[in-house]
Amino acid sequence: MNAPHKARKRFGQHFLSDQSIIEAIVDEIAPKPGQFVVEIGPGLAALTQPLVERLGQLTVVELDRDLAVRLRAHPQLTVIESDVLKVDFRALAASRPEPMRVVGNLPYNISTPILFHLLGVADVVQDQHFMLQKEVIDRMVGRPCTADYSRLSVMLQWRYEMANVLFVPPESFDPPPRVDSAIVRMVPLANPPQLDAKLLEELVQVAFSMRRKLLRHSLGRWLEARGFAGQFDLQRRAEEVPVAEYVALAQACEAAGPSGQGR
14 MNAPHKARKR FGQHFLSDQS IIEAIVDEIA PKPGQFVVEI GPGLAALTQP
64 LVERLGQLTV VELDRDLAVR LRAHPQLTVI ESDVLKVDFR ALAASRPEPM
114 RVVGNLPYNI STPILFHLLG VADVVQDQHF MLQKEVIDRM VGRPCTADYS
164 RLSVMLQWRY EMANVLFVPP ESFDPPPRVD SAIVRMVPLA NPPQLDAKLL
214 EELVQVAFSM RRKLLRHSLG RWLEARGFAG QFDLQRRAEE VPVAEYVALA
264 QACEAAGPSG QGR
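For the sequence shown, our numbering assigns the number 14 to the initial residue and increments by one for each residue that follows.
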């Protein structure tokens, strides 16, 4: 596994090379022998090797064909050669009796689609630890009335408890990216609000489509088109509304039905 491998720009590849950072990441994940862990984008196995040493066995998802060949040579790895967005994580979770944990250094160019792909299977995941651009994690954990609070904040916080647990500087990688990175811990809520996730996604997307304007210009029109007759303060900007209020509005819209008059 030591032969040179050139990072491929189209895969958004940046390989971890700082041993102290790698150890710090593994400590945050805290893998235990026998646990079922799935690593997304193992690359040159910088994180993979210390993980498998603690676990005994590890499942990895790798798109790069050359890297997948190298990884298959490792006797303790189960390699899924695939685009992560095409992996059926629900079926993967069902394949083992242990709870599934997901980790990875997510490609910067498709990190948000991966997060949304996994959002749909949060009920079968124990926890997730991902390395991402720090600015993306800032948005993921963003609080209302801040510049970081966004559609991503709402769509993830209704379903996960999240924390930015570790800063990772560019020089920890080869080649160094032009951005700072960080590690986020995502733990699915044990009793999440019951709602139509697609409806919440549409509602939040509309709300943040004109984030500098009051919600009556965006969400107000959307609610009016649905004939929604409930109460909601539209004299605010999208970033001023807490996650719980977006969730409650989505539930109210669902209960009212498409016409807004109840089912």
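The beta carbon of each residue, even a glycine, is placed where N, CA and C say it ideally should be.
**Request:** Count the C-beta pairs between the region 60 to 69 and the region 82 to 92 that are closer than 8 Å, then say yes if the count reaches three, no if not.
**Result:** yes
**CB of P201 within 8 Å of CB of D136, strictly** = yes
**Request:** Between the Cα of G133 and those of R234, R191, V74 and V100, spot the shortest distance and give me the residue it belongs to.
**Result:** V100
**Item:** Bridge partner(s) assigned by DSSP for E52
**Value:** V73 and V116
**Item:** Burial state of M142, where buried means 16 or more other Cβ atoms lie within 10 Å
**Value:** Here residue 142 turns out to be His, not Met, going by the sequence shown. H142 should be labelled buried.
**Message:** Tell me the DSSP secondary structure of S194 in three-state form.
**Reply:** Here S194 sits in strand by DSSP.
**Request:** Give a yes or no on contact between the region 213 to 222 and the region 249 to 264, applying the rule of three or more CB pairs nearer than 8 Å.
**Result:** yes
**Request:** Go through its chain and collect everything with a Cβ distance to L169's Cβ below 8 Å, but skip five positions before and after it.
**Result:** Only residues of its own chain outside the window of five on either side were considered, and among them L128, L132, M153, M175 and M199 have a CB closer than 8 Å to the CB of L169, listed in chain order.
**Status (buried if at least 16 other CB within 10 Å, exposed otherwise) for T72** = buried
**Request:** Locate the beta strand (DSSP E) running through F143, then write down its first and last residues.
**Result:** Annotation: the continuous beta strand (DSSP E) that includes F143 extends over V138 to Q146.
**Asked** In terms of residues, what are the limits of the beta strand (DSSP E) holding I93?
**Response** L90 to E94 is the extent of the beta strand (DSSP E) around I93.
**Residues of its chain near S222, where Cβ-Cβ distance is below 6 Å and the 5 sequence neighbours each way are ignored** = S231
**Prompt:** Which one or two residues does DSSP pair with M175 in a beta bridge?
**Reply:** M199
**Asked** For P46, which residues from the same chain have a beta carbon less than 8 Å from its beta carbon, with the 5 sequence-adjacent residues on both sides left out?
**Response** Within the same chain, P46 has close Cβ partners R67, L68 and G69.
**Asked** Where does the unbroken alpha helix (DSSP H) through A81 begin, and where does it stop?
**Response** R78 to R85
**Asked** Hey, how far is the Cα of N204 from the Cα of V256?
**Response** 15 Å
**Asked** Excluding sequence positions up to five away, which residues of its chain have a Cβ less than 8 Å from the Cβ of V116?
**Response** I42, V50, V51, E52, I53, L60, L64, Q141, H142 and F143
**Message:** Give me the DSSP bridge partner(s) of V181.
**Reply:** DSSP output for V181 lists S194 as bridge partner(s).
**Burial state of A104, where buried means 16 or more other Cβ atoms lie within 10 Å** = That one is exposed.
**Asked** Cα separation between V254 and T159?
**Response** 11 Å
**Request:** Would you identify the three-state DSSP class for F245, choosing helix, strand or coil?
**Result:** In the three-state scheme derived from DSSP, where H, G and I count as helix and E and B as strand, F245 is classed as coil.
**Request:** Could you tell me how far apart the beta carbons of A269 and F241 are, in whole angstroms, since I believe they sit closer than 8 Å?
**Result:** With a Cβ gap of about 6 Å, A269 and F241 count as contacting.
**Prompt:** For the alpha helix (DSSP H) that L228 lies in, which residues bound it at each end?
**Reply:** Per DSSP, L228 belongs to no alpha helix (DSSP H) and is neither H nor E.
**Prompt:** What's the gap between the Cα of V178 and the Cα of V39?
**Reply:** Each residue's alpha carbon lies about 12 Å from the other.
**Prompt:** Which stretch, first to last residue, makes up the alpha helix (DSSP H) that contains E36?
**Reply:** Q32 to I42
**Message:** Distance check for S95 and A195, CA to CA, integer angstroms please.
**Reply:** 25 Å
**Prompt:** For the putative contact between Q48 and E148, defined by C-beta atoms under 8 Å, what is the C-beta separation to the nearest angstrom?
**Reply:** About 31 Å; that fails the 8 Å criterion.
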